[in-house]
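**Student:** In order, the protein sequence lines correspond to chains Z and R.
Reading the first sequence from the start, the letters are residues 0 to 74 in numbering that gives the first Met the number 0.
Reading the second sequence from the start, the letters are residues 0 to 184 in numbering that gives the first Met the number 0.
No residue lacks a Cβ here, since even glycine has one placed at the ideal position from N, Cα and C.
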Amino acid sequence: MENLIIFNNKEIIFLFFKAFSLIFSFLYFLFSLVAFQQTRAMIKTVEVEKSKILIFLSLFQLFLSIILFFGAFFL
Amino acid sequence: MGKNKSYHKLLYSFCLNPSLTFDGQDNDEVPILVLRANPITQIPWIINCFFLLLFIFGLNIFLPSYLNPYQIIFVNLFGLSLVFSYFYFNFLHWFFNVGIITNKRILDIDFYGLVYKETTIAMIDRVEDITAKVSGFFSSFFNYGNLFIQTAGNEVNIEFINISKPQEVAKIINQLLKNGKSNHI
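1. Quick one: does the C-beta of F35/Z sit closer than 6 Å to a heavy atom of the ligand FAD?
2. Between L21/Z and chain R, is there a C-beta pair that is closer than 7 Å?
3. What's the C-alpha gap between D124/R and Q149/R?
4. Count the other C-beta atoms from every protein chain shown that fall within 10 angstroms of the C-beta of G1/R, then say buried if there are 16 or more, exposed otherwise.
5. Give the single residue among I46/R, V74/R and I45/R whose Cα lies nearest to the Cα of G57/R.
6. Is Y27/Z helix, strand or coil when you go by DSSP?
7. Which one of F83/R, L79/R, C14/R and Y111/R has the shortest CA to CA distance from L56/Z?
8. Please list the partners that I84/Z has in chain R, where partner means a Cβ-to-Cβ separation under 9 Å.
9. Note down, in chain order, all residues in the stretch 46-74 of chain Z with a beta-carbon under 9 Å from any beta-carbon belonging to chain R.
10. Listing by chain order, which chain Z residues have their CB less than 7 Å from the CB of I108/R?
11. Using the DSSP secondary-structure output, state which residues sit across from D128/R in a beta bridge.
12. What are the uninterrupted segments assigned as alpha helix (DSSP H) that are 4 or more residues long and contained completely in the stretch 68-121 of chain R, given in chain order?
13. For a contact defined as C-beta to C-beta under 8 Å, what are the partners of D27/R on chain Z?
14. Compute the Euclidean distance between the alpha carbons of K170/R and I42/R, then round it to the nearest angstrom.
15. Could you compute how far the alpha carbon of N102/R sits from the alpha carbon of V168/R?
16. Looking at D109/R and T44/Z, is the spacing between their C-beta atoms short of 7 Å?
17. Measuring straight from C-alpha to C-alpha, what distance separates S138/R and L29/Z?
18. Helix, strand or coil for F69/Z per DSSP?
19. For T20/R, return the contacting residues in chain Z, with the cut-off set at a CB-CB distance below 7 Å.
20. Return the CA-CA distance between Y85/R and E154/R, expressed in angstroms with no decimal places.
21. From what residue to what residue does the beta strand (DSSP E) around N142/R run?
22. To the nearest angstrom, how far is it from the Cα of L58/Z to the Cα of D128/R?
23. Assuming contact is defined by CB atoms lying nearer than 7 Å, are K132/R and N145/R in contact in what I supplied?
24. Judging by CA-CA distance, which residue of S64/Z, K17/Z, L26/Z and V33/Z is the nearest neighbour of F85/Z?
25. Please name the residue in F77/R, F61/R and L66/R whose C-alpha comes closest to that of I22/Z.
26. What do you get for F13/R, buried or exposed, if any count of 16 or more other CB atoms within 10 angstroms of its CB means buried?
27. Using the beta-carbon count (16 or more within 10 Å), is D107/R buried or exposed?
28. Beta-carbon within less than 7 Å of F19/Z's beta-carbon, same chain only, minus the 5 sequence neighbours each way: which residues are those?
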């Protein structure tokens, strides 16, 4: 019977943690992608002097979400 | 007010003669005033960011008992990213929800959430009535309030909510009405 137990408690917690991290980081990536597109649409609607900073921040957010998503694979 | 001299006040919430262009702008159309919500009205989400940061730092007291160091780094990075996104999203919402007054038109551009945009436009010469409302202690102290612009006929009415110096804006619109299509204030 003991041989049938594949995971111990800690491993189950880690497995759940990894699954949730992957799901939420993927959702965050989708959100960042939409935010990036929306920022571009906003800048097209109202063009201001320092709009490049906003594009940079959106790209930074997108980059961060990609790092998180790939980081979640190695948890 | 200097003639055609650009200046802004209260963290770009009241910009006179701004260097800005917008979608659908005519060649001979000059933006005279750009209005955003008064920065004081944005304090609640800034406080939220502060408490969210505190919460993330507080989590680090308990996390080492359950997670390994790599997972703790991931949780922190993810939490900080979320706070950054929350801050950035609210900032974008504030920055791009603008009222633009040109020598020809009054535009109210509103973004709701991330995917819905609403633009309300009224011609300056169709403006019939302007009401500036400043009510409450904070509004009076920091000089912000709402401005309601009623137009003639079937054209839509425009509302600017929580803008800085609503009386001054009403004065500028009145002046534009008097001057016709002049852009010299």
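**Tutor:** Taking the geometry as given:
1. You won't find the ligand FAD in this model; it holds no ligand whatsoever.
2. no
3. 11 Å
4. Here the model assigns G1/R a pLDDT of 42, short of 50, so the residue's position is not dependable, and the following value carries that caveat. When all chains shown are included, G1/R counts as exposed.
5. V74/R
6. helix
7. F83/R
8. There is no way to answer for residue 84/Z, as the model of chain Z reaches only from 0 to 74.
9. E46, V47, E48, L53, L56, S57, F59, Q60, L63, S64, I66, L67, G70, A71, F73 and L74
10. T44 and V45
11. Q149/R
12. 68-95
13. What D27/R touches in chain Z: nothing, since even the nearest Cβ is about 18 Å away.
14. 28 Å
15. 14 Å
16. no
17. 38 Å
18. helix
19. E46
20. 36 Å
21. No beta strand (DSSP E) contains N142/R, which DSSP labels as neither H nor E.
22. 44 Å
23. yes
24. It is not possible to answer for residue 85/Z, since the shown part of chain Z is limited to 0 through 74.
25. F77/R
26. buried
27. buried
28. none
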